[in-house]
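Engineer: Protein chains in written order, with this note's numbering: chain A, 333 to 776; chain B, 2 to 355.
For each residue, glycine too, the CB sits at the ideal point set by N, CA and C.
These figures come from a predicted structure and were not determined experimentally.
Take a look at the following structure, please.
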């Protein structure tokens with residue numbers, strides 16, 4: 333082989349597909365029995381197995397598991413079994429796909445987009461500290477027009493900001509000299525937005541992660557999103573069906589296989605030998621159940637999967653990086669409590685036509701942003717995000733909704749402790765008589 | 002033609018192409034002669050019918066041949082067909098026009114043929130419903146129009162055709178449903194003259210029939226149009242609809258309220274106070290928001306003066322007059338391309354007030 337790729341996460345899979353299409357002979361190996369590695373899509377039972385393998389005490393484990401335990405240091409899961417476990421597709425790394433950008437261009441150009449299906453994000457909401465409720469965030473001229481929460485003056489100013497951000501702002505007088513100012517302050521001083529709207533735009537439209545992100549980078553990102561909206565629908569983001577990234581990784585593996593790559597899943601890749609005179613200056617792997625060793629000139633590998641014997645010049649390991657992301661997967665039995673969209677338009681709404689097939693008013697695929705310092709007990713420096721997916725993305729059975737929480741935290745933080753305040757705040761947004769119950773939780 | 006590469010054709014290839022084109026031309030001309038002479042001789046045979054099909058496939062803009070085709074259908078084919086056969090033939094005609102429209106979507110004669118077919122659908126139906134066939138065909142037509150409007154919501158031909166289809170349907174759809182349809186189109190993109198225009202057709206009918214209370218409905222329409230105006234004051238369709246709502250300005254309260262609102266909008270523009278830029282003038286650009294606001298204000302203040310002099314009193318009228326002239330002066334500087342128009346408006350004002 334020319335290249336052996338270890339691990340079938342999204343990065344490795346894209347690389348394998350590109351190399352295979354370019355004509356290289358590829359062997360793609362994954363110690364797990366499934367595709368996707370750390371971004372895999374797993375059913376309920378598979379997720380439980382995954383969590384237990386990395387948290388329950390065992391006398392000895394493989395180097396791969398050891399590395400995984402180091403990465404996911406605080407796995408906690410609920411003990412009750414999950415009903416209809418087979419109908420769930422949980423994503424270990426929830427993701428949004430911008431409608432315009434290098435990722436979607438690769439998806440389309442490689443043909444992998446055809447293997448999966450996607451859904452346009454329906455709503456983005458921001459958690460409002462003062463009301464402890466969710467508020468929709470307008471991101472386009474149509475949203476602004478339809479909003480019943482903004483005053484006319486607010487609409488005008490917000491529209492001015494969006495027009496400014498969507499254009500070539502680099503040398504405009506409003507920006508010159510203020511590029512490094514925190515984005516929120518810029519919005520308030522230059523565009524006279526009130527602080528509520530400024531916060532909503534900063535965290536839920538430009539998706540800034542922290543309060544001090546400079547204006548110029550936030551504006552650039554905002555411009556990408558504004559230019560992405562309208563391509564597939566009002567929102568600039570797509571969510572993949574059946575668990576998102578895991579399916580897409582598998583799609584790229586399929587593309588690689590069509591171009592001749594060889595796939596071996598579920599087999600240990602040890603022992604592994606670096607290039608030496610004995611094996612013709614190639615890397616060599618002995619796979620169980622495969623008589624001849626696999627050899628290659630180049631090895632591409634995910635961090636946790638690279639055997640120690642080959643680890644000569646690696647980049648900084650996770651232990652050395654200070655930050656990490658706390659993740660939580662929670663299954664609820666009620667749709668998210670978004671305020672219904674009213675409109676300033678009069679006349680009867682034609683309720684009978686709803687192309688989505690879902691009854692109008694229920695939002696199925698959405699993002700909720702919790703800006704810093706809005707949730708008591710939550711982070712004061714970073715924004716937390718929750719991606720909500722339901723049956724619309726084929727990732728949950730009818731009536732169930734999966735909440736994916738994520739929050740940048742310090743390396744040593746415990747995932748559940750960091751995220752519980754957000755789950756509590758979210759559940760408190762529901763009216764008293766229709767609070768959801770959490771049917772299943774995993775934090776890592 | 003611009004942008005088309007000159008193809009390097011050898012003389013032989015060019016000559017061969019010329020021969021082919023000449024042959025095609027000859028075939029076409031002989032077909033044309035054949036058809037026209039048959040028409041003169043009132044040939045209503047099936048052969049003639051097939052010839053028209055051939056010709057119309059080549060050139061659907063040849064409306065004489067469409068007429069001939071219809072004459073054949075009327076004088077021969079329909080006379081000898083049962084209603085069932087007639088509906089099949091018409092269905093076939095509709096299919097033919099659809100494939101022609103895909104290639105030539107703007108040819109009026111194809112659309113006319115469709116209209117003729119739809120209007121000639123016989124009474125009858127597959128069940129006992131005597132309007133059954135008609136209902137199905139018109140419903141399908143409405144679906145076709147909606148697809149066209151989904152593809153391009155600003156296609157005014159499609160909106161016109163929509164009005165024709167709605168009025169021709171055997172069972173009329175409620176006007177409120179049509180209002181909701183315009184609302185849907187406006188909400189998805191309010192920069193749409195045709196959708197607003199459709200509203201101006203539907204609303205008066207609803208007011209007249211009593212289905213909607215006019216005063217309340219007008220209030221809601223003002224709220225709707227204000228939201229659009231504030232979201233995008235550049236959009237001319239919104240201003241036009243607003244003028245329609247104001248009408249002749251008989252309602253003093255609405256007029257003064259709207260004038261106040263537009264003044265606020267004008268204040269909100271960051272450059273409403275500054276003078277025009279020479280650069281803008283050379284680029285033929287005007288600050289559309291500001292000039293839109295101002296010109297509308299002039300128009301509405303004029304309406305106030307014209308319709309409500311008694312209520313305003315002589316002082317009130319004089320103040321308004323001066324405000325108008327002030328605005329017009331500002332407009333002359335902001336929008337120098339239309340300077341003379343503003344001067345004319347100003348002169349009219351003075352004459353009117355004498």
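Between which two residues does the alpha helix (DSSP H) containing residue 495 (chain A) stretch?
Structural biologist: 484-498
Engineer: From what residue to what residue does the alpha helix (DSSP H) around residue 468 (chain A) run?
Structural biologist: Not the alpha helix (DSSP H): residue 468 (chain A) falls in the beta strand (DSSP E), residues 465-468.
Engineer: I want to see whether chain B comes within less than 9 Å of residue 474 (chain A), judged by CB atoms only; does it?
Structural biologist: yes
Engineer: Where DSSP assigns a beta bridge to residue 661 (chain A), which residues make up the other side?
Structural biologist: Note: residue 661 (chain A) sits in a beta bridge opposite A:736 and A:774.
Engineer: Apart from the five residues on each side of it in sequence, which residues of its chain come closer than 8 Å, Cβ to Cβ, to residue 4 (chain B)?
Structural biologist: none
Engineer: Measuring only the C-alpha atoms, how far is residue 408 (chain A) from residue 746 (chain A)?
Structural biologist: 9 Å
Engineer: Residue ranges of each alpha helix (DSSP H) run of no fewer than 4 residues wholly in the region 95-151 of chain B, ordered along the chain?
Structural biologist: Complete alpha helix (DSSP H) runs here, min 4: 109-120.
Engineer: Nearest chain A C-beta to residue 262 (chain B) closer than 9 Å, yes or no?
Structural biologist: yes
Engineer: Can you tell me the Cα-Cα spacing of residue 631 (chain A) and residue 429 (chain A), whole angstroms?
Structural biologist: 28 Å
Engineer: Between which residues of its own chain and residue 170 (chain B) is the CB-CB distance below 8 Å, once the five residues before and five after are set aside?
Structural biologist: Only 136, 139, 140 and 143 meet the Cβ criterion.
Engineer: What residue from A:354, A:398 and A:379 has the CA that sits closest to residue 637 (chain A)'s CA?
Structural biologist: A:398
Engineer: Identify the continuous beta strand (DSSP E) that holds residue 617 (chain A) and give its terminal residues.
Structural biologist: Where residue 617 (chain A) is concerned, the enclosing beta strand (DSSP E) stretches over 615-617.
Engineer: Excluding the 5 residues flanking residue 203 (chain B) on each side, which residues of the same chain have their C-beta closer than 6 Å to its C-beta?
Structural biologist: 176, 179 and 180
Engineer: Residues in its own chain within less than 8 Å of residue 716 (chain A) by CB, not counting five upstream and five downstream?
Structural biologist: 701, 702, 707, 710, 737, 738, 739, 751 and 754
Engineer: Taking 9 Å as the threshold (C-beta atoms), are residue 574 (chain A) and residue 731 (chain A) in contact?
Structural biologist: For residue 731 (chain A) and residue 574 (chain A), no; Cβs fall outside 9 Å.
Engineer: To which residues of the same chain is residue 436 (chain A) closer than 7 Å at the C-beta, ignoring the five residues directly before and after it?
Structural biologist: 429 and 430
Engineer: Would residue 476 (chain A) and residue 232 (chain B) be called neighbours here (beta carbons separated by less than 9 Å)?
Structural biologist: Judged by beta-carbon spacing, residue 232 (chain B) lies within the 9 Å limit of residue 476 (chain A), meaning their Cβ atoms are closer than that value.
Engineer: Is residue 467 (chain A) close to chain B? Criterion is C-beta to C-beta, closer than 9 Å.
Structural biologist: no
Engineer: Tell me, to the nearest whole angstrom, how far the beta carbon of residue 424 (chain A) is from that of residue 374 (chain A); I am working on the premise that it is less than 8 Å.
Structural biologist: 7 Å
Engineer: Spatial neighbours of residue 76 (chain B) within its chain, please: CB distance less than 6 Å, with the 5 preceding and 5 following residues excluded, ordered by chain position.
Structural biologist: Within the same chain, residue 76 (chain B) has close Cβ partners 45.
Engineer: What are the start and end residues of the beta strand (DSSP E) that includes residue 721 (chain A)?
Structural biologist: 716-721
Engineer: If you draw a straight line from the C-alpha of residue 318 (chain B) to the C-alpha of residue 258 (chain B), how long is it?
Structural biologist: 17 Å
Engineer: Examine the ligand ZN and report whether any of its heavy atoms sits within less than 8 Å of the Cβ of residue 626 (chain A).
Structural biologist: Among the components of this structure there are no ligands whatsoever, and the ligand ZN is therefore not found.
Engineer: Got a sec, what are the start and stop residues for the alpha helix (DSSP H) residue 367 (chain A) sits in?
Structural biologist: Here residue 367 (chain A) belongs to no alpha helix (DSSP H), and DSSP marks it neither H nor E.
Engineer: Shorter than 9 Å from the beta carbon of residue 489 (chain A) to some beta carbon of chain B?
Structural biologist: yes
Engineer: With a 10 Å radius around its C-beta and 16 neighbouring C-beta atoms as the bar for buried, classify residue 361 (chain A) as buried or exposed.
Structural biologist: Result: buried.
Engineer: If you follow the alpha helix (DSSP H) that residue 572 (chain A) is in, where does it begin and where does it stop?
Structural biologist: No alpha helix (DSSP H) holds residue 572 (chain A); the beta strand (DSSP E) holding it covers 569-572.
Engineer: Could you please give the first and the last residue of the uninterrupted beta strand (DSSP E) stretch that includes residue 475 (chain A)?
Structural biologist: From DSSP, residue 475 (chain A) is part of no beta strand (DSSP E) but of the alpha helix (DSSP H) over 473-478.
Engineer: Report the three-state DSSP secondary structure of residue 338 (chain A) (helix, strand or coil).
Structural biologist: strand
Engineer: Please classify residue 508 (chain A): is it buried, with 16 or more other beta-carbons within 10 angstroms of its beta-carbon, or exposed?
Structural biologist: exposed
Engineer: Which partner residues does residue 636 (chain A) have in the DSSP bridge list?
Structural biologist: Looking at the DSSP assignment, residue 636 (chain A) forms no beta bridge with any residue, so it has no partner.
Engineer: Please tell me whether residue 34 (chain B) has its Cβ less than 9 Å away from any Cβ of chain A.
Structural biologist: Answer no: the Cβ-Cβ gap between residue 34 (chain B) and chain A never drops below 9 Å.
Engineer: Indicate the three-state DSSP secondary structure (helix, strand or coil) for residue 604 (chain A) in the structure shown.
Structural biologist: Three-state DSSP puts residue 604 (chain A) in a strand.
Engineer: Report yes if the C-beta distance between residue 778 (chain A) and residue 376 (chain A) is below 9 Å; otherwise report no.
Structural biologist: Past the boundaries of the shown model lies residue 778 (chain A); chain A is included only from 333 to 776, so the question cannot be answered.
Engineer: Would you say residue 58 (chain B) reaches chain A, if we count a Cβ-Cβ gap shorter than 9 Å as a contact?
Structural biologist: With 9 Å as the cut-off, residue 58 (chain B) does not count as an interface residue toward chain A.
Engineer: Take residue 705 (chain A) as the anchor and find which of A:496, A:458, A:492 and A:670 has the nearest alpha-carbon.
Structural biologist: Among A:496, A:458, A:492 and A:670, the Cα nearest to that of residue 705 (chain A) belongs to A:458.
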